[in-house]
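Chemist:
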Amino acid sequence: MELDSKQSSLPKSITILGFIANLLLAIGKGFVGYIAQSSALIADAGHSLSDLFSDLITYWSLHFSQQPRDENHPYGHGRFETVGSFIIALMLIATGIGVVWHTFQRIESPVIPGELALWAAGISIVIKELLYQLTHRIGKKQNSRILIANAWHHRSDAVSSIAALIGITGATLGFPMLDPIAGFLVAGLIIKSGVDIGYSSIRELTDEVAEQEVIEKILQTLEGIEGVEHFHQVRARRMGPHLLVDLHLEVDCMMTVSAAHQVAERVRWHILETMPSVNEVMIHVDAEQDNEEGEIILMRPQTEIEMDIQQALKAIPEITGISHIYCHFLKQKLSVQVDILVDPEMKVRQAQKLGQKAKVLLEEIQDIQLADIHLELQDYEQHFVPE
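Numbering follows the working numbering, in which position 339 of the sequence shown is assigned residue number 349; successive positions increment by one, without gaps.
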């Protein structure tokens, strides 16, 4: 479903707010960490700097993912969010490795950070947790994975700031080695965050099936819909914030094509109405359950069958025409229903015998296992006429 202008601008607005906050935090924590000689706080500033770039990537991804469908992207541009999430993941991992390297350097010359570093870490915790709450709430509401990923990036900043605060406090109390230890902890949190986001992005980019809860919700939606006999091969995959669903639907084998189409449209409507995150539903209508081995079994085209039927009925001169021919291909067998035209003055008993004769003739045709002959009572201007 398309977002209106207000909904589409909200994720960008919170991303801009996060960008400004991360910029100020990166500058502030980096400056205070340098003055206070705190490796943990400098590491935390590096994390805020990575958040700054992740906000840029998030904004870029949101901008392109919200573009309308076009000829080259018939399913939309949702994957731009996934690509953006993967880039953020790589940036996080690289930042974490850089923090490890920086912390190793600080182990060689541990120093006691000042009280200013404590205040900087505390302020960072409050700001980043607030950013997490706002971004995560909007991401959940709009089912935007990149916003949720960016929100957890904010949360990891808050947690890493707590680790930095512990390290700074320990160093102030006479345990200077706690500061680089906290730096390692911060690095671990950053790398873990990157790996988690990257793994989720790779799963989506490789079209891995959506979560089981999504499939179960689709199955619940299908229950009780009129005309649906069975369903199978229910699948769903993610396209950024959206879901693409495809399934096989079984209907009454004697149902007309137009009636079966109506059942499929009803199913599509129910899924789109009950699951706002679903953007596309592809339905394959079956008259029977698919072959378990997946083997494709083809029978003769209906046009050939119709020609054989017309040719066979030429042997019965009392049949003046054929109004309808219905072919049913079920269980690798063919049954046909043929509506014939006869002299309107013909008696019912005579017409019945004529129909039985036609049935015998048609069931001798190759592939036809069952023939059902109907007498057409209305006068059709367009019909098959045996020549």
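Think of the CB as a built atom: it goes at the ideal place given N, C-alpha and C, for glycine as much as any other residue. These figures come from a predicted structure and were not determined experimentally.
If you drop the 5 nearest sequence neighbours on each side, which residues of the same chain put their C-beta closer than 6 Å to that of residue 110?
Modeler: Result list for residue 110: 197, in chain order.
Chemist: In terms of DSSP beta bridges, what is residue 347 paired with?
Modeler: 336, 382.
Chemist: Need the endpoints of the alpha helix (DSSP H) that residue 194 sits in, please.
Modeler: Element bounds for residue 194: 188 to 215.
Chemist: Going by beta carbon distance, what residues of the same chain come within less than 6 Å of residue 384, once the five residues before and after it are set aside?
Modeler: Excluding sequence neighbours, residue 384 sits near 349.
Chemist: Quick check: what's the CA-CA separation for residue 136 versus residue 195?
Modeler: One C-alpha to the other measures close to 19 Å.
Chemist: Report the rounded CA-to-CA distance for residue 143 versus residue 131, giving the unit in angstroms.
Modeler: Spanning the two alpha carbons is a distance of roughly 19 Å.
Chemist: Residue 241 to residue 112, Cα distance in whole Å?
Modeler: For residue 241 and residue 112, the distance between alpha carbons rounds to 57 Å.
Chemist: Report all residues from its chain with a CB closer than 7 Å to the CB of residue 263; omit the five preceding and five following residues, and keep chain order.
Modeler: Only 297, 298, 338, 340 meet the Cβ criterion.
Chemist: Would you mind giving the Cβ-Cβ distance between residue 281 and residue 225, rounded to the nearest angstrom? I have them listed as a contact below 8 Å.
Modeler: Not really, about 12 Å apart at Cβ, beyond 8 Å.
Chemist: What are the complete alpha helix (DSSP H) segments, minimum 4 residues, inside the stretch 244 to 319?
Modeler: You should have 267 to 284.
Chemist: If you reduce the DSSP assignment to three classes, tell me which class residue 185 lands in.
Modeler: If DSSP states are grouped into helix, strand and coil, residue 185 belongs with coil.
Chemist: Could you tell me the alpha carbon to alpha carbon distance between residue 206 and residue 223, rounded to whole angstroms?
Modeler: Cα to Cα, residue 206 sits roughly 20 Å from residue 223.
Chemist: Leaving out five residues on either side along the sequence, give the residues of the same chain with a beta carbon under 7 Å from the beta carbon of residue 162.
Modeler: Closer than 7 Å at Cβ, skipping near neighbours: 203.
Chemist: What's the call for residue 370, buried or exposed, on a 16-neighbour Cβ count within 10 Å?
Modeler: Residue 370 comes out exposed.
Chemist: What residue from 104, 68, 160 has the CA that sits closest to residue 90's CA?
Modeler: The shortest Cα separation from residue 90 among 104, 68, 160 belongs to 68.
Chemist: Using the Cα positions of residue 11 and residue 275, report the straight-line distance between them to the nearest angstrom.
Modeler: Note that residue 11 scores a pLDDT of 47, beneath 50, so its modelled location is shaky; the value from the coordinates is reported in the next line. Cα-Cα distance, rounded: 17 Å.
Chemist: Can you tell me whether residue 42 is helix, strand or coil according to DSSP?
Modeler: Residue state, collapsed to three classes: helix.
Chemist: With a 10 Å radius around its C-beta and 16 neighbouring C-beta atoms as the bar for buried, classify residue 363 as buried or exposed.
Modeler: By the 10 Å Cβ count, residue 363 comes out exposed.
Chemist: For residue 329, which of helix, strand or coil comes out of DSSP?
Modeler: DSSP places residue 329 in strand when its eight states are reduced to three.
Chemist: In angstroms with no decimal places, state the Cα-to-Cα distance between residue 38 and residue 55.
Modeler: C-alpha separation (whole angstroms): 8 Å.
Chemist: Would DSSP call residue 219 helix, strand or coil?
Modeler: Residue 219: strand per DSSP, three-state reduction.
Chemist: Output the distance between the C-alpha atoms of residue 72 and residue 209, rounded to the nearest integer angstrom.
Modeler: In a straight line, the C-alpha of residue 72 is about 20 Å away from that of residue 209.
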